[in-house]
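Going by this note's numbering, the first residue of the sequence shown is number 221, and it counts up by one from there.
Reviewing the structure listed below.
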Amino acid sequence: MGNLLAYSGIVTKIRAMQSKLLKPEQFVEVANLGNVPEIVDYLKKNTAYAEVLDTLDESQIHRGNIEKILVQSLYHDYTKIYRFCGQKQRRFLKLHMKSYEIDLINYCLRIVINHYKQPFDLNYKRAFFDRYSQISIEKLITSRTTDELVENLKDTEYYVPLRKLKDSHNVTLYDYDLTLNLYYFTTIWKEQKKVLKKADLDLFMRDFGSRIDLLNLQWIYRAKKYYNMKPADIYLLLIPIHYKLSTDLVKELVEAPGLEEFENAVARTSYARHYNFRQDLTIEQMYSECLNYLYTVDVRRNPYSIAAVNTYLFLKEEELKKLTTAMECIRYSLTPGETLAYVGGRTQ
Numbered sequence: 221m222g223n224l225l226a227y228s229g230i231v232t233k234i235r236a237m238q239s240k241l242l243k244p245e246q247f248v249e250v251a252n253l254g255n256v257p258e259i260v261d262y263l264k265k266n267t268a269y270a271e272v273l274d275t276l277d278e279s280q281i282h283r284g285n286i287e288k289i290l291v292q293s294l295y296h297d298y299t300k301i302y303r304f305c306g307q308k309q310r311r312f313l314k315l316h317m318k319s320y321e322i323d324l325i326n327y328c329l330r331i332v333i334n335h336y337k338q339p340f341d342l343n344y345k346r347a348f349f350d351r352y353s354q355i356s357i358e359k360l361i362t363s364r365t366t367d368e369l370v371e372n373l374k375d376t377e378y379y380v381p382l383r384k385l386k387d388s389h390n391v392t393l394y395d396y397d398l399t400l401n402l403y404y405f406t407t408i409w410k411e412q413k414k415v416l417k418k419a420d421l422d423l424f425m426r427d428f429g430s431r432i433d434l435l436n437l438q439w440i441y442r443a444k445k446y447y448n449m450k451p452a453d454i455y456l457l458l459i460p461i462h463y464k465l466s467t468d469l470v471k472e473l474v475e476a477p478g479l480e481e482f483e484n485a486v487a488r489t490s491y492a493r494h495y496n497f498r499q500d501l502t503i504e505q506m507y508s509e510c511l512n513y514l515y516t517v518d519v520r521r522n523p524y525s526i527a528a529v530n531t532y533l534f535l536k537e538e539e540l541k542k543l544t545t546a547m548e549c550i551r552y553s554l555t556p557g558e559t560l561a562y563v564g565g566r567t568q
């Protein structure tokens, strides 16, 4: 009864929002469009994005502006959910906010390290971050070097791990990205126990732990296939948390002499049992499909729980990734079938 009372209002709101997410057949229709303006027109006429896209005039219809609008729609949804939440759920949402903060810091690091002429374009994020984040965009946009950027994060939790890296020699964007990723996952894994209790904690640990396992699988695969990295270097990439992948299995995966041996080891994991990894899905698609399965099963079995919030935000973020990918594919004149393959859809 406690969870029902705590989540009834949130669940009602989220169900209404989830009913407006794009259906698989709509991604098929998007994949068959000819250019970005046609995508905008389709989204205006057929989806819940009409409200945010109506703010664009014809001269502003290009991929960069559309991506900003899509991100703002995610922020709007986060805000709607936050307003319906009690203190317990708001603490969880603040935990989730860290992923948006990491994305922002990574964006800023790319700007200063690559010395872009027009450094920052973050006004569209400012109102949201001013309200919900510990990070000041106003400070970040004054940064011109990595040292300045790190100092402008001094009042945040990200300052200490980045400062340690800043004092090292020959630090690259890759090093900063790896440090932030490792900090994010290890911090969330620790803090979830302070924020969530009992059933909610079990649900989140299952989803977040599976996400860590799947990312480690993905990173091991990429390191072997694309970079021919040595095991010692691969270990440095990995999140030092094992959920369903035992230490021995991770060792076998990392030290597999070739991709065939790696795939044989992956086939024995619980994640591969639901999917035909070798024939139907790339490991990147396996990551998305496994999480989709886990999140949707959790919310179906535990509708009045933190799974309602967690699943909706996951589905919304995945939808934005798919729309952004579809736009990029269409810009480069890929066929509808090729576009759907990238977004994980199916041809009809």
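Every residue, glycine too, gets a C-beta built ideally from N, C-alpha and C.
Since this is a predicted model, take the numbers as computed values, not measurements.
| query | result |
| --- | --- |
| Going by C-alpha to C-alpha distance, which of Phe-349, Phe-340 and Ile-331 sits closest to Glu-321? | Phe-349 |
| What number of angstroms, rounded off, separates the C-alpha of Leu-540 from the C-alpha of Val-529? | 17 Å |
| Which word fits Val-415, buried or exposed, when buried means at least 16 other C-beta atoms lie within 10 angstroms of its C-beta? | buried |
| When the distance is taken between beta carbons, is Ile-459 closer than 7 Å to Asn-436? | yes |
| Cα separation between Gln-246 and Ile-550? | 15 Å |
| Does the segment 234–250 come close enough to the segment 259–267 that 3 or more CB-CB pairs lie under 8 Å? | yes |
| Tell me whether Asp-375 is buried or exposed, calling it buried when 16 or more other Cβ atoms sit within 10 Å of its Cβ. | exposed |
| Which residues in the same chain have their Cβ closer than 7 Å to the Cβ of Leu-543, if we skip the five residues on either side of it in sequence? | Leu-290 |
| Nearest-angstrom Cα distance between Tyr-532 and Leu-313? | 12 Å |
| When you compare the CB positions of Trp-233 and Phe-304, do they come within less than 7 Å of one another, or not? | Checking the displayed sequence, the identity of residue 233 turns out to be Lys instead of Trp. Taking 7 Å as the Cβ cut-off, Lys-233 and Phe-304 qualify as a contacting pair. |
| Under 7 Å, do Leu-423 and Ser-525 count as touching if we go by C-beta distance? | yes |
| In chain order, what residues of the same chain have a beta carbon less than 7 Å from the beta carbon of Tyr-463, not counting five sequence neighbours either side? | Gly-429, Ser-430, Ile-432 and Asp-433 |
| Excluding the five sequence neighbours on either side, which residues of its own chain have a C-beta within less than 7 Å of the C-beta of Ser-353, listed in chain order? | Met-317 and Glu-321 |
| Report the residue from Leu-273, Asp-277 and Tyr-302 whose alpha carbon sits nearest the alpha carbon of Gln-606. | Within the shown structure, residues of the chain are numbered from 221 to 568, placing residue 606 beyond reach of any answer. |
| Assuming Cys-328 and Leu-369 are in contact, meaning their beta carbons sit under 8 Å apart, how far apart are those beta carbons, in whole angstroms? | 6 Å |
| In whole angstroms, what is the alpha-carbon distance linking Tyr-446 and Ala-561? | 20 Å |
| Decide if Ala-443 is buried, meaning its Cβ has at least 16 other Cβ atoms within 10 Å, or exposed. | buried |
| Please say whether Asp-297 and Lys-536 have beta carbons closer to each other than 7 Å? | yes |
| Around the C-beta of Ser-363, are 16 or more other C-beta atoms found within 10 angstroms, so that it is buried, or is it exposed? | buried |
| Throw me the rounded Cβ distance for the Asp-518 and Asp-420 pair, which I believe falls under 8 Å. | Their Cβ separation, rounded to whole angstroms, is 11 Å, which puts Asp-518 and Asp-420 out of contact at 8 Å. |
| Straight-line CA distance for Glu-548 to Lys-418? | 42 Å |
| Is the beta carbon of Pro-474 less than 7 Å from the beta carbon of Ile-454? | Looking at the sequence shown, residue 474 is not Pro but Val. Yes, the Cβ-Cβ distance between Val-474 and Ile-454 is below 7 Å. |
| What are the complete alpha helix (DSSP H) segments, minimum 4 residues, inside the segment 340–417? | 343–352, 357–360, 366–371, 379–386 and 393–415 |
| Along the chain, where does the alpha helix (DSSP H) that runs through Thr-544 open and close? | 526–551 |
| Do you know whose CA, among Ala-236, Tyr-344 and Gly-254, lies nearest Asn-285's CA? | Tyr-344 |
| Going by the CB atoms, is the gap between Val-332 and Thr-365 shorter than 7 Å? | yes |
| Quick check for students: name the residue ranges of the alpha helix (DSSP H) that lie wholly in the segment 477–521, counting only runs of 4 or more. | 479–486 and 503–521 |
| Does the beta-carbon of Thr-559 have 16 or more other beta-carbons within 10 angstroms, so that it is buried, or is it exposed? | buried |
| What are the start and end residues of each continuous beta strand (DSSP E) run of 3 or more residues lying completely inside the segment 444–476, in chain order? | none |
| Using a Cβ-Cβ cutoff of less than 8 Å, which residues in the same chain neighbour Ile-182 once the five nearest sequence positions on both sides are dropped? | No answer is possible for residue 182: it lies beyond the span of the chain, which begins at 221 and ends at 568. |
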